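Residue numbers (the working numbering), protein chains in the order written: chain C, 1 to 390; chain P, 1001 to 1390.
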């Protein structure tokens, strides 16, 4: 793709660009640009929501620009200083580095790792003194920080905002100063923070970065944005069978967005598929996603498996577990097959009707299995384990 | 004075105490207490307004407690990070130390310097990292900081509040943590900041300091609080004659407050003086103030001098300047007598009717003085210089 084509695609798919002229000028300058994307230090599981932005970075990378991921390990290692969040435990230095590596491994599914840089913002923020912090904080007014949507909302609703939280957008913005970023990209929910970076660069005497924000991909529930914690996501690391199945669950109303934002398929192609038969469009989408992340053959297999399961059959090539040829209770069997982390969870699953033996539902927790050479234990619609007694 | 008596005086003269029981308990504990007072690093000129609190510290010092002045040099050396205040220039390290010494010299007029400690808050704030700052800021919410009167007012009026300003009360409060202060005293305008210290100590696992706030002494204008920049002050360093004259200018409506807050005179004594003859009360007050800061003899002389001037006379013991026995223009004479910093200022003074020669007003700027052995040049009501031609 040419610079012009990339610019047109960025313009088409973004929510906003600050500023279009600046972006155009930088792209056409012939300079190798530094393009920044902030990354959460604690959650290395990338999903299709992340891929929206990553795929745009790929285009920019292919034009020869430098992609820089900033892992926000500085705040990650501090945790929640107000001590109110019991869940946000501080990360250790080792954890942030391990997460960074995992992040890079996953990013490599979309970007060329050789041309991608990972940096950790503790490298500069960790060296700042109280005096440096005051200099930074002095560049911004409380009123401007309070304009950030979530702050304004929480303040209006009398919800507590820690004083330290006012510093977070400034820290994120300062990352752009430290990196001399030329462009920063992010989800549209990050617009405020990205613009802080742009303004701080000006305050520190640098050319302000161009900011490009992209739509947030709605999750499979069709309501919330895709996120791991809401379990409405398709991970880029997801195993082909599960990825295909999840992709088939994209709501009809969103399938066009998913095509546009997460695949390279031509608009004319998916639109005609959708017009012809919406179910066919879903199959095409699921195939395309598995193909992108696992290749052609995996896509074929995943589709075949999906069809078998849909028809009530048991798919081929499922995991196997070998147990001693002795009588075993159904609870112990489910646990031994790895379908429940504990006996009590196994009991709950059986009682809830979630477990099948050779594709027949079992709800009697007292059942004993004996005198068979093998049996397929399944959980829900998609988890199958063949148990071999030998 | 006994601990009980001091407690009663603190209770009587303070605006508020947080908490009375806590203060009582600490004072009666027999422990040597650390008593903190924050001090501005840039303005070492103490006046009677400062003396209100310093005199209370003296009582506590006489009970054996440790008085600690915290010079806020950390922010003093940073100046205004927003760069908006052109007047607040950052102080150098040397300036803050010099100011601290001057401060101590003046404080010595009220407190025993041997039992008084001066510390500089850059000693601990200067060592804090960004991570430490976040930990500190995490202890407080934006809403609580915004309760501070001036912030609430400025926010309501859409006046800019720098993000760094939110950190100032926390820094001042952290000083109490660093010092393990038992008690902090201050003017009533500092109540918010002093209470932040109390709360932060709790957050850092210390016993919270007791906070005692005192009324702000109104200045000689009877409107604003006493302050050097408003020129409505009586400095503790002021020369006896001027001190007496300024003290005579305390408004009638305030003389009782001045007696109570700035002298040791018994209430019955000044009340009976005031009832008898308000002018007599003013003289008694002026005498007492000069006596406190300069001794009995200086008070006698200042009173005598005041009376002479009041009667239109020329006081004795005035400064002398010797000039060559040659004709001299009035402008040059005023400047040579040290009553004007420049010829143009001397001309302005003469034209304005502010200059007398031997107690007679002179407004002719062309006047030449010759053929006399000496002449008294005076400016306003109180500045007299005897010029000797020899």
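Where a beta carbon is used, it is the ideal one built from N, C-alpha and C, also for glycine. Just so it is clear, the structure is predicted and the values come from calculations on it, not from any experiment.
Cβ of residue i less than 8 angstroms from any chain P Cβ?
| i | result |
| --- | --- |
| residue 293 of chain C | no |
| residue 38 of chain C | no |
| residue 78 of chain C | yes |
| residue 59 of chain C | no |
Counting only beta-carbon atoms, is residue i nearer than 8 angstroms to chain C?
| i | result |
| --- | --- |
| residue 1354 of chain P | no |
| residue 1082 of chain P | yes |
| residue 1156 of chain P | no |
| residue 942 of chain P | Nothing about residue 942 of chain P can be reported from this structure: the residues present for chain P run from 1001 to 1390 only. |
| residue 1023 of chain P | no |
| residue 1166 of chain P | yes |
| residue 1170 of chain P | yes |
If you reduce the DSSP assignment to three classes, tell me which class residue i lands in.
| i | result |
| --- | --- |
| residue 168 of chain C | helix |
| residue 218 of chain C | strand |
| residue 225 of chain C | strand |
| residue 29 of chain C | coil |
| residue 1319 of chain P | strand |
| residue 159 of chain C | coil |
| residue 1245 of chain P | helix |
| residue 66 of chain C | strand |
| residue 1378 of chain P | strand |
| residue 1119 of chain P | strand |
| residue 127 of chain C | coil |
| residue 76 of chain C | helix |
| residue 39 of chain C | strand |
| residue 1206 of chain P | coil |
| residue 102 of chain C | helix |
| residue 388 of chain C | strand |
| residue 1185 of chain P | strand |
| residue 1314 of chain P | coil |
| residue 89 of chain C | coil |
| residue 109 of chain C | coil |
Name the DSSP bridge partner or partners of residue i?
| i | result |
| --- | --- |
| residue 1018 of chain P | P:1211 |
| residue 369 of chain C | C:328 |
| residue 94 of chain C | Looking at the DSSP assignment, residue 94 of chain C forms no beta bridge with any residue, so it has no partner. |
| residue 1235 of chain P | P:1047 |
| residue 141 of chain C | P:1162 |
| residue 1355 of chain P | P:1379 |
Quick one: is the Cβ of residue i within less than 7 angstroms of any heavy atom of the ligand SAM?
| i | result |
| --- | --- |
| residue 1215 of chain P | For the structure depicted, the ligand SAM is absent and the ligand set is empty, with no information on it obtainable. |
With a threshold of 8 angstroms between beta carbons, is residue i in contact with chain D?
| i | result |
| --- | --- |
| residue 1314 of chain P | Within the model displayed, chain D is absent; protein chains C and P are what it includes. |
>> Which residues of the segment 1173–1193 of chain P have a Cβ closer than 9 angstroms to any Cβ of chain C? Give them in chain order.
In response: Taking 9 angstroms as the Cβ-Cβ cut-off against chain C, none of the residues of the segment 1173–1193 of chain P qualify.
Next on the checklist: Check whether the segment 1213–1228 of chain P and the segment 1012–1019 of chain P are in contact - that is, three or more C-beta pairs closer than 8 angstroms.
Outcome noted: Cβ pair count under 8 angstroms is three or more, so yes.
Does the contact criterion of 3 or more C-beta pairs under 8 angstroms hold for the segment 242–254 of chain C versus the segment 293–302 of chain C? Yes, the segment 242–254 of chain C is in contact with the segment 293–302 of chain C.
- If contact means a Cβ-Cβ distance below 9 angstroms, which residues of the segment 1127–1152 of chain P contact chain C? Here the close residues are 1127, 1128, 1129, 1130, 1131, 1132, 1133, 1134, 1135, 1136, 1137, 1138, 1139, 1140, 1141, 1142, 1143, 1144, 1145, 1146, 1151.
Quick one: any contact between the segment 1368–1383 of chain P and the segment 1327–1346 of chain P, if contact means 3 or more CB pairs under 8 angstroms?
yes
| said: So, does the segment 1034–1043 of chain P touch the segment 1180–1188 of chain P, judging by three or more C-beta pairs under 8 angstroms? | reply: Because the criterion of three Cβ pairs below 8 angstroms is met, the segment 1034–1043 of chain P and the segment 1180–1188 of chain P touch.
Below 8 angstroms between beta carbons is the criterion; list the residues of the segment 1088–1102 of chain P that meet it against any residue of chain C, in chain order. none
Q: Take every Cβ of the segment 1255–1268 of chain P, pair it with every Cβ of the segment 1071–1081 of chain P, and state whether three or more of those distances are shorter than 8 angstroms.
A: no
Check each residue of the segment 1260–1292 of chain P: if its Cβ is closer than 8 angstroms to any Cβ of chain C, include it; give the result in chain order. none
Inset, instruction - For the segment 195–214 of chain C, enumerate the residues whose C-beta is nearer than 8 angstroms to any C-beta of chain P, in chain order. - result: none
- Task: May I ask you to verify whether the segment 1043–1055 of chain P touches the segment 1222–1236 of chain P, counting CB pairs closer than 8 angstroms and requiring at least 3?
- Result: yes
Please confirm if the segment 1050–1069 of chain P is in contact with the segment 113–120 of chain C, defined as three or more CB-CB distances below 8 angstroms between the two stretches. With a cut-off of 8 angstroms, the segment 113–120 of chain C and the segment 1050–1069 of chain P do not count as touching, because too few Cβ pairs lie within range.
Measuring CB atoms only, is the segment 1140–1157 of chain P touching the segment 159–173 of chain C, in the sense that at least three cross pairs come out at less than 8 angstroms? yes
message: Three or more C-beta pairs under 8 angstroms: does that hold for the segment 1124–1137 of chain P against the segment 163–170 of chain C?
response: yes
Touch test, the segment 341–355 of chain C against the segment 363–371 of chain C, Cβ-Cβ under 8 angstroms, three pairs minimum:
yes
TODO: Check distances from the C-beta atoms of the segment 1361–1372 of chain P to those of chain C and list, in chain order, the residues that come in under 9 angstroms.
DONE: none
>> Beta carbons nearer than 8 angstroms to chain P: which residues of the segment 115–126 of chain C have them?
In response: 125, 126
Exercise. Does the segment 232–239 of chain C come within contact of the segment 273–288 of chain C, defined as at least 3 CB pairs closer than 8 angstroms?
Worked result: no
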